[in-house]
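Residues in the sequence shown are numbered consecutively from 318, following this note's numbering.
C-beta atoms are modelled at their ideal positions from N, C-alpha and C, and glycine is treated no differently.
From a predicted model like this one, the values you see are computed outputs, not experimental measurements.
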Amino acid sequence: MIEKPADRHWNLPDHARARAHFDWAEVRAGLAGLPGGGLNIGWEALDRHVADGNGARLALRWLGKDGAVRDYTYAQLLAEAQRFACVLERLGVGPGECVAVLAGRIPELYIAALGALRAGIVLCPLFSAFGPEPVHTRLEKSHARVLVTTVTLYQRKIAALRDTLPALDTVLTVGGDCPGTFRFEALMAQAETGCPVAATGPDSPALLHYTSGTTGSPKGALHVHGAVAAHAWSGRAVLDLRPGDVYWCTADPGWVTGISYGLIAPLVNGVTMIIDEAEFDAQRWYRILDEQQVSIWYTAPTAIRMLMKLGDAPMAGRTLPALRLMASVGEPLNPEAVLWGQRVFGQPFHDTWWQTETGAIMVANYGSEPVAPGSMGRPLPGIDAAIVHRRRDGGLDFLPDGEAGELAIRAGWPSMFRAYLDEPERYASCFADGWYLSGDRAQRDADGRYWFVGRADDVIKTSGHLIGPFEVESVLLEHPAVAEAGVIGKPDPWAGELIKAFVALKPGHTGDDALRKSLIAHARTRLGPAVAPRELGFVDSLPKTRSGKILRRLLKARELGLPEGDLSTLEGHES
Ligand code: WT7
318 MIEKPADRHW NLPDHARARA HFDWAEVRAG LAGLPGGGLN IGWEALDRHV
368 ADGNGARLAL RWLGKDGAVR DYTYAQLLAE AQRFACVLER LGVGPGECVA
418 VLAGRIPELY IAALGALRAG IVLCPLFSAF GPEPVHTRLE KSHARVLVTT
468 VTLYQRKIAA LRDTLPALDT VLTVGGDCPG TFRFEALMAQ AETGCPVAAT
518 GPDSPALLHY TSGTTGSPKG ALHVHGAVAA HAWSGRAVLD LRPGDVYWCT
568 ADPGWVTGIS YGLIAPLVNG VTMIIDEAEF DAQRWYRILD EQQVSIWYTA
618 PTAIRMLMKL GDAPMAGRTL PALRLMASVG EPLNPEAVLW GQRVFGQPFH
668 DTWWQTETGA IMVANYGSEP VAPGSMGRPL PGIDAAIVHR RRDGGLDFLP
718 DGEAGELAIR AGWPSMFRAY LDEPERYASC FADGWYLSGD RAQRDADGRY
768 WFVGRADDVI KTSGHLIGPF EVESVLLEHP AVAEAGVIGK PDPWAGELIK
818 AFVALKPGHT GDDALRKSLI AHARTRLGPA VAPRELGFVD SLPKTRSGKI
868 LRRLLKAREL GLPEGDLSTL EGHES
C-alpha cells in the first residue's frame, strides 16, 4: 500500500463520505445549462467560461512537432468553434447529423469537434493511424455527411474509396488544396463568429465512438449531451481538476479518452490543456512535464512502460514541483509501474477504469487515498459497481468479495452510451436486471477495491488500443493465398498484448517467410500499423466450435503453452 501525505487538499477529500451523500442532481445543478433550458457540451466547455468573465484564460496550448506553439484562450476557442459551426450551417448540415474527424493532434481537430458539439451535430472521431479499411467501415456505418481531415490523410485513406461513401457529401481538408475537397482554412476565413448554440438537451445525441467487439464490424457507441455531467464530475473527483491547472492528457482524440478527457472534462473544468502533436518520445515528454509545469497528467500504461525502459536518468535535475496528480487508463497498470512512479516522481500513478460504453471514469484511485498497486480502485461517488455472473436464464448472480466475475455498473449514469448505432439487439444484450455488463472480468476485495482479471471475450488491447480480431481476420482473408485466419492478443511486455495471426493457406501456397512478409504488408496497408498483426504463423487448419466459430482462446492457449482445458468453456462471451 502506498500511503499519502495528509497535508494535501483534494477536490474529493473523503471518498466514502462523498459516496454516501452523492446526488447527480447537484452535479447537474452546477452546470451552466443553456439560456432558456437545455444542455450542450460545447456551451459548458466554452461559452460558460466566457460568460463568467474568464474568456482571457488559456484553454489550449498546442505544441507542434517542429517546435511551434499555438495558444488559444477560451474566448478565441469559442470564436473558432462558432466559425466552424457557421461553416456547417452553410453546408446545410443540421442537428442530429454526423460529422467525422480524422486527423492527428492539430488545433483544427479540436475546433471542429467543439464547433460540431455546439451546433448539435454528432461528432464521430476516427483514429488517424487507422488504414483505409477501418476508416471506411466506420465512415460508412456512421452515415457521416461531413469529414474533417488533412490533405495527406485524405489522399492516403479516403480518395480511392470516396465513391463508395454515398452519404459523405463534403470533405474539408486542412493544409492545402485537394481535388474533391474544400479547404478548411478557406471556409473558416469566410465564416462568421457569433453563431448561436443549438437547442440541445440532456438526451440529444452528441458523440459517436466506434469500438470493437469479438464478432462482426465495429460498434458505434452513441453518447448524449447529458454525459457532460459525468465528464465534469469525474474530472473534479478523480483528476482533481481546478481552474489554474495545466493538464496534459496524452491520449489521441481518435479514441474516447482523447475526447472525454482530452477535450471535454478539462475545458468544462476551466483548465489549460496541453496538446502535443508529436508521437511518443520519452525525452520530449519529460521536457513537456517540466517546461509546461504540468499539474495533472493522465496517461496510459504502455507509455509509462516506455518511460520506465529509459530508467530514471531523464528525471535527473528535474523536480516537477507543479505535478500534483498522475493517473492512468486503458489497460492493466502493472504494480511495478505504480511503484516506479512513487520512486521517480514521488507519487504513484493512479489507475482508473472505464470503457467507450461508459463514456467516463467509473472506478478509480483517488489522490486523497492510499493506493494498492495493481488495483483499479473504487467506484466513483454516483456509480454503483458489482461483480456478477450472468445465469443462463439471463438473470444475474451477485458474487461475493474475492470471487472473479464480470464487472457490472448499475445502469443510468449520465455518460452511459444510449445505443449501438443501428444495432438495438447488440445494445440490449449488454444489459441485465438494470445493470450494464462490461465484458471485463474482475474481482473486489474486502476494502471495496476492484482488481482487473481479464477480458471475458476475445478483443485485443494493444498499446492501449482496443482491436477486434474479426476486422483483422477479414482483411487477411482478402489475400488470395489465405483460406482461414484467426487472430489473438499475445501477451507482450511493452504493448500489453501484440496482435498475432494464425493463417491456413489455400492449396498450392507455401507458408514461407516471403509469404509471411507479404501477408503482414497487405494487412499494414489495409488496416494501418496499429491494427495489423505483428506476428503471423501458418497452421494446417484452425480449431473451431461445432457451429464453425474459430476458437481463438484455444489458439491462444496453444501459443502460450497453456493447458487447452475444457472446450465447452472456450466458446466464451461475445460482444
Ligand atoms: C477496455 C476499454 C478506458 C477508456 C479508454 C479505452 C480495458 C480500461 C483499464 C484498467 C485494466 C483496463 C478494459 C476495458 N481497460 N481501463 N484500468 N485496467 N484494463 O476504452 O477502448 O473501450 O477499452 O480497456 O478491458 O473494457 P476502450
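Tell me which residues share the same chain as residue i and place their Cβ nearer than 8 Å to its Cβ, disregarding the 5 neighbours each side in the sequence.
i: Phe748; result: Ala728 and Leu754
i: Glu795; result: His839 and Arg843
i: Pro910; result: The structure shown does not extend to residue 910, since the chain is modelled only from 318 to 892, so the question has no answer here.
i: Pro810; result: Arg622
i: Ala335; result: Leu329, Ala554 and Pro698
i: Asp369; result: none
Can you list, in chain order, the residues of its chain whose CB lies under 7 Å from that of residue i, leaving out five sequence neighbours each side?
i: Ala595; result: Lys382 and Arg601
i: His890; result: Confidence at His890 is low in this model, with a pLDDT of 48, below 50, so its placement is unreliable and no value can be given for it.
i: Ser521; result: Gly437, Val541 and His542
i: Phe855; result: Val820, Leu822 and Gly828
i: Val792; result: Glu450, Ala840, Arg843 and Leu844
i: Arg635; result: Tyr603 and Asp607
i: Gly751; result: Arg727 and Ala728
i: Glu876; result: Ile805, Lys807 and Lys817
i: Ile613; result: Leu556, Asp557, Leu558, Asp562, Tyr564, Arg641 and Leu642
i: Cys403; result: Ala508, Glu509 and Cys512
i: Ser577; result: His548, Gly676 and Ala677
i: Ala546; result: Trp341, Val344, Arg345, Leu348 and Pro731
i: Tyr391; result: Leu363, His366, Val367, Asn371, Gly372, Arg374 and Ala376
Using only the heavy atoms of the ligand WT7, determine whether one of them is closer than 6 Å to the beta carbon of residue i.
i: Val789; result: no
i: Thr574; result: yes
i: Glu648; result: yes
i: Gln610; result: no
i: Gln760; result: no
i: Gln672; result: yes
i: Phe769; result: yes
i: Asp774; result: no
i: Thr616; result: no
i: Asp668; result: yes
i: Met733; result: no
i: Asp714; result: no
i: Leu783; result: yes
i: Asp632; result: The residue you asked about is not Asp; residue 632 is Met in the sequence shown. Checking every heavy atom of the ligand WT7 against the Cβ of Met632, none is found closer than 6 Å.
i: Asp757; result: yes
i: Thr528; result: yes
i: Met693; result: yes
Out of the options, which has the shortest C-alpha to C-alpha gap to residue i?
i: Phe444; options: Leu815, Ile678, Gly781 and Pro824; result: Gly781
i: Pro824; options: Glu801, Gly628 and Val491; result: Glu801
i: Leu724; options: Pro665, Gly711 and Pro696; result: Pro696
i: Met625; options: Phe401, Tyr527 and Phe662; result: Phe662
i: Ala599; options: Thr574, Val585, Pro570 and Met632; result: Met632
i: Leu558; options: Leu426, Ile475, Ala644 and Ala568; result: Ala644
i: Trp275; options: Gly511, Arg407, Leu478 and Val386; result: Lying before the first or after the last residue shown, residue 275 is absent from the chain, which here runs from 318 to 892.
i: Ala417; options: Ala430, Gly878 and Ala476; result: Ala430
i: Leu868; options: Val655, Ile805, Val848 and Ala337; result: Ile805
i: Val680; options: Ala812, Pro690, Glu788 and Pro698; result: Pro698
i: Leu859; options: Asp714, Val776, Gln664 and Arg870; result: Arg870
i: Arg422; options: Pro846, Ser529 and Thr466; result: Thr466
i: Leu783; options: Glu790, Arg758, Glu814 and Arg374; result: Glu814
i: Thr517; options: Gly354, Glu788, Lys873 and Arg325; result: Gly354
i: Ser551; options: Pro424, Tyr615, Arg378 and Arg435; result: Tyr615
Leaving out the 5 sequence neighbours to the left and right, which residues in its chain are closer than 6 Å to residue i when beta-carbon positions are compared?
i: Glu343; result: none
i: Val468; result: Thr490, Gly492, Gly493 and Cys495
i: Ser534; result: Thr454
i: Pro649; result: Phe769
i: Arg365; result: Ala349
i: Asp701; result: Arg727
i: Gly722; result: Ile704, Val705, His706 and Leu716
i: Glu406; result: none
Measure from the C-beta of residue i to each C-beta in chain B and report whether the shortest distance is under 7 Å.
i: Asp629; result: Looking for chain B here will not work: only one protein chain is present.
- Every unbroken beta strand (DSSP E) inside the region 482-511 [3 residues or more]: 487-491
- Task: Only counting runs of 4 or more residues, tell me where the alpha helix (DSSP H) segments fall wholly within the region 421-494, in order along the chain.
- Result: 424-435 and 449-459
- At which residue ranges does the region 796-858 contain complete beta strand (DSSP E) runs of 3 or more residues, listed in the order of the chain? 799-809, 813-822 and 852-855
- Message: Quick check on the DSSP output: what are the complete beta strand (DSSP E) runs of length 3 or more inside the region 531-572, in order along the chain?
- Response: 536-541 and 563-566
- Quick one: complete alpha helix (DSSP H) runs, 4+ long, within the region 327-411? 332-338, 341-347, 365-368 and 391-407
- Could you pull out every unbroken alpha helix (DSSP H) segment of at least 4 residues lying fully inside the region 619-644, listed in chain order? none
- At 3 residues or longer, and completely inside the region 643-676: list those beta strand (DSSP E) runs for me, N to C. 666-670
- Task: With a floor of 4 residues, list each alpha helix (DSSP H) that falls wholly inside the region 701-760, ordered by position along the chain.
- Result: 741-745
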